[in-house]
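For the sequence shown, my numbering assigns the number 87 to the initial residue and increments by one for each residue that follows. Structure record follows, encoded as structure tokens.
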Amino acid sequence: MASKSSLRWTRILTISGVAALIATTLLAWPFIADRPLPAAKSAAPTPASPFVGIDTSKLSASQRSAISQAEVDFLRTLKGLPPLCKATPDSGYSDGGTVIYECEKYRLMVMRQLFTLQGVDGYLYGPVLSFGSDQPMSDVRFYTPRELSLLLNEPAIGGL
């Protein structure tokens, strides 16, 4: 078992390393920000499912059903469509339109939050999915009001 002193020094060194990495990035930013990003040499394709690499044959019927239903709803919300698990949300926030669906086997929060990114007003939008006490998984992205209106097939969002 490590002593308190060695644990303290380990924490100090870790924090120092992270601080150094952040400082280096901030100092280098003016020199790299205007350069175009290099093209990826062998970028892996974006997976079509939020659940990558799961061998469903090793899951119970209940687990397969939960994952299948959650996957459909997750992907629908990415496309700006409502989930199929429920017709209406169970609750929501007054942050720009975030809503929560308490589905039978999972919880789906569709984030729609007002956000300003480097002086550009818009929204954070996307699904946040959790199964019970497991950590949530998400695909939340920044959208300008115009782009979110197009995604959601809504009239232009006023005020932004």
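A virtual CB, placed ideally from N, CA and C, is assigned to each residue, including glycine.
{"Check": "Cβ atoms of aspartate 220 and phenylalanine 212: under 8 angstroms apart, would you say?", "Outcome": "The question names phenylalanine, but residue 212 is glycine in the sequence shown. It is not a contact, given that the beta carbons lie outside the stated cut-off."}
{"Check": "Can you grab the Cα-Cα spacing for the pair asparagine 239 / glutamate 233, in whole Å?", "Outcome": "10 angstroms"}
{"Check": "Note down, in chain order, each residue of its chain lying with its Cβ closer than 7 angstroms to the Cβ of glutamine 199, except the 5 sequence neighbours on either side.", "Outcome": "Asp181, Gly182, Thr184, Tyr209, Leu210"}
{"Check": "With a threshold of 7 angstroms on Cβ separation, who are the neighbours of aspartate 176 within its own chain once the five nearest residues in sequence on each side are excluded?", "Outcome": "Ile186, Tyr187, Glu188"}
{"Check": "Could you name the residues that DSSP lists as bridge partners for proline 177?", "Outcome": "Position check: residue 177 holds serine in this sequence, whereas proline was assumed. According to DSSP, which records beta bridges pairwise, serine 177 is partnered with Ile186."}
{"Check": "Based on Cα-Cα distance, which residue from Leu170, Cys171, Asp141, Leu194 lies nearest to glycine 178?", "Outcome": "Leu194"}
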